[in-house]
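J.: In this note's numbering, the protein residues as written are 71 to 572. From the three backbone atoms N, C-alpha and C, an ideal C-beta is built for every residue, glycine too. Pasting in a structure now, in structure tokens, and then I'll have a few things to ask.
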Amino acid sequence: MHLSELQQIRLQKAEALREQGRQPYPLRASRTHTTEQALVRFAEIESTLPEGGEDPASVTLVGRVVSRRHQGKTIFAHIRDGHGEIQLYIRKDDIGEDAFEDVLKLVDLGDFVQASGNLFRTRMGEISLRVASHSMLSKALNAPPEKWHGLQDVETRYRQRYADLISNEDVRRVFRQRTTIIKTLRAYLDERDYLEVETPTLQPLYGGAAARPFTTHHNALDQTFYLRIADELYLKRLLVGGYERVYEITKDFRNEGIDRNHSPEFTMLEFYEAYADYDVMMGMVEQMIHAACVAVHGSSTFTYNGVEIDLTPPWPRKSLRQAILEGSGVDYVAHPDQAGLLAAARAAGGDIPDGTVWPRIVDELLKQFVRPYLMQPMFLIDYPVELSPLAKRKADDPTHVERFQPYVGGGEIGNAFTELNDPMDQYHRFLDQQKDREAGDLDAMQLDMDFINALMFGMPPTGGVGIGVDRVVMLLTDQPSIRDVILFPAMRNLPAEDTSEE
RNA sequence: GCCCCUCUAGCUCAAUCGGCAGAGCAGUGGACUUUUAAUCCAUUGGUUCAGGGUUCGAGUCCCUGGGGGGGCACCA
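Put into structure tokens, the structure is as follows:
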């Protein structure tokens, strides 16, 4: 293992501690207060102290050394724990020459230390700990990134998220907010008597979405399994079983391209409610996303990509047909054939390649003429049946299904239907998918006869929603890439390093 | 899969037309007993992503490969 000069110097300091009979990596730490509690404590008792007085009681704090300033026979340093930062004030007079020399010679930025002493307020007004004794908790061999600019290199930030988190407060904030958002979504459903469930990650057939799967093999069963691309078909089986409200927050896996909006593993929230329809589900979506925004920002509005967005419910609803008509001037219902719609789309200025099938042209019109302008929240509703093999047809228009997608900030954050519960209709739509599959469409859904069997036991009328949790987090934390809201994003392997000893 | 950009010290970044690889932070040595991007003096540190080519001379130009970013395609 090769160590840089800086690493070797730090390693020698660890050895020096051992030679003094002290541990660079002791078994245990003890602290009486977090940094946050210490700051609160002093603020509370300060009025009882004489002017410039110290807290008479001793406290013990722990944390990583994140900055320091030497000034002759005193040292100022900040330590950071999981709750905040506090300044240490170290005087040679207080701790003795040897201990002071230790801080100078053996403690580096990045080390975890423990310090005991009395709280006071400096002349500059900062609550600080006047250190009476200190010890090493963990010697860091890597120097932290540059103190002022932090870690900027995008590749290193993703590959070594730990270093990113150490040096970039914004990144720490984003992932805390991510947790707040997920907790809020979960609490919203829990409060409405939804049952949180777990369905298989390893599935013998993959379904519930159109995507290519990751494929794996179980040795003992000698059988192919697929990592789930969606939970949908299993959650619906639970509706058949009699649960009325179920949800799952979990990772889905799709073996597709990686870009700013797509990660091969991503977090999906799906929830299903018996005796509800897509209108009910729209009401829930706008409320829960709004609640998440309030939880993170304390407000119904937030800024995304420089645009102020207001999530106050209710969100406007517009049919896909109307939105495309307004955006492009094309009424796809007036062009039920591929050639006619292609010509109309191109006449409107659409960039659409030859041979694009009818439903894909509709999708392109949406993508090119509508989606980029949907900055404020809106539900697009009622999609052509060809685009939606798991959704229920509209009563007054069998060419369209009851489906909606919530759009915010120019992107979709979910997909939802009044769920198809007619087993024979579902069976025939699977067969249509099979035909596409045989024609070479690798994304077409597989025929799942067990799911048909479940529907034949009867599934109540149901509303169902899928929310792309990472997309919601990107939106509410104003992050441009899905990698910025996933702690350890998938990266290509680096070439193998030579680890042989010399 | 295709196109464009990018890779320099531990970190953040310079390096003019192809002409001695540099600074700040961090580190090391020193001064400084209320500082906070502390300050001041001195100083160490380089496979310029890898390999090849052109050239008197390559961080810089060319080729191949690798990592990363962006765009396209894919993602109904």
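(1) Give the list of continuous beta strand (DSSP E) stretches no shorter than 3 residues that lie fully inside the region 279 to 309.
(2) Do you know offhand how far Asp151's Cα is from Glu89's?
(3) Quick check on the DSSP output: the alpha helix (DSSP H) that includes Ile552 runs from which residue to which?
(4) Determine the direct distance from the alpha carbon of Asn563 to that of Thr569, and round the result to whole angstroms.
(5) When DSSP labels each residue in this structure, what does Glu571 get in the three-state scheme?
(6) Can you give me the Cβ contacts of Asn238 inside the same chain, cut-off strictly under 7 angstroms, excluding the 5 residues immediately before and after it?
(7) Give me the residue from Leu557, Thr118, Gln516, Arg111 with the minimum Cα distance to Ile299.
(8) Answer with buried or exposed for Asn188, where buried requires no fewer than 16 other C-beta atoms within 10 angstroms of its C-beta.
(9) Could you round the C-beta distance between His605 and Pro383 to whole angstroms and report it? I think they count as a contact, below 8 angstroms.
(10) Decide if the region 454 to 472 is in contact with the region 488 to 496; the criterion is three or more beta carbon pairs, one per stretch, under 8 angstroms apart.
(11) Tell me the DSSP bridge mates of Phe170?
(12) Identify, in the order they occur along the chain, each residue of the same chain with its Cβ nearer than 8 angstroms to the Cβ of Ser370, setting aside the five sequence neighbours on each side.
(13) Distance check for Arg330 and Asp433, CA to CA, integer angstroms please.
(14) Please go through the region 149 to 205 and give each complete beta strand (DSSP E) segment of 3 or more residues, from N-terminal end onward.
(15) Residues bridged to Asn485 by DSSP?
(16) Please specify which runs of the beta strand (DSSP E), each continuous and at least 3 residues long, are wholly inside the region 450 to 522, giving them in chain order.
(17) Provide the residue(s) that pair with Lys321 in DSSP beta bridges, ordered along the chain.
(18) Based on the DSSP secondary-structure assignment, which residues constitute the bridge partners of Val129?
(19) Just the C-alpha distance for Asp554 and Arg473, rounded to the nearest angstrom, thanks.
(20) Does DSSP put Arg391 in a helix, in a strand, or in coil?
(21) Since Phe245 and Leu557 are thought to touch, with beta carbons under 8 angstroms apart, how far apart are those beta carbons, to the nearest angstrom?
(22) So the candidates are Asp424, Asp263, Gln230; which of them puts its Cα closest to the Cα of Met561?
(23) So is Pro215 buried or exposed if we call it buried at 16+ other beta carbons inside 10 Å?
(24) State the start and end residues of the unbroken alpha helix (DSSP H) segment that holds Tyr264.
(25) Under the three-state reduction of DSSP, which class applies to Glu121: helix, strand or coil?
(26) Flag this pair as touching only if the region 467 to 485 and the region 532 to 544 have three or more C-beta atom pairs under 8 angstroms; answer yes or no.
(27) Taking the beta carbon of Glu571 as the centre, do at least 16 other beta carbons fall within 10 Å, making it buried, or is it exposed?
(28) Ends of the alpha helix (DSSP H) at Val224?
(29) Three or more beta-carbon pairs under 8 angstroms between the region 392 to 405 and the region 415 to 432, yes or no?
(30) Pick out the complete alpha helix (DSSP H) segments inside the region 394 to 440, 4 residues or longer, and give them in chain order.
T.: For this structure:
(1) 285 to 288, 293 to 297
(2) 28 angstroms
(3) Neither: Ile552 is in no alpha helix (DSSP H) and is coded neither H nor E.
(4) Since pLDDT at Thr569 reaches only 47, below the 50 mark, its modelled position is unreliable, and the value read off the structure follows with that caveat. One C-alpha to the other measures close to 16 angstroms.
(5) Only weak support exists for where Glu571 lies, its pLDDT of 38 falling under 50; the coordinates are left without a value.
(6) Gly220, Leu221
(7) Gln516
(8) buried
(9) Residue 605 lies beyond the stretch modelled for the chain, which goes from 71 to 572, so this question has no answer here.
(10) yes
(11) None; Phe170 has no bridge partner.
(12) His360, Cys363, Val364, Asp380, Leu381, Thr382
(13) 20 angstroms
(14) 154 to 161, 182 to 191
(15) Gly536
(16) 467 to 478, 484 to 488
(17) Thr337
(18) Gly187
(19) 30 angstroms
(20) helix
(21) 6 angstroms
(22) Gln230
(23) buried
(24) Here Tyr264 belongs to no alpha helix (DSSP H), and DSSP marks it neither H nor E.
(25) coil
(26) yes
(27) Residue confidence is low: Glu571 scores 38 on pLDDT, short of 50, so the model does not pin down where it sits. Its coordinate-derived value is still stated next. That one is exposed.
(28) 224 to 229
(29) yes
(30) 408 to 417, 428 to 435
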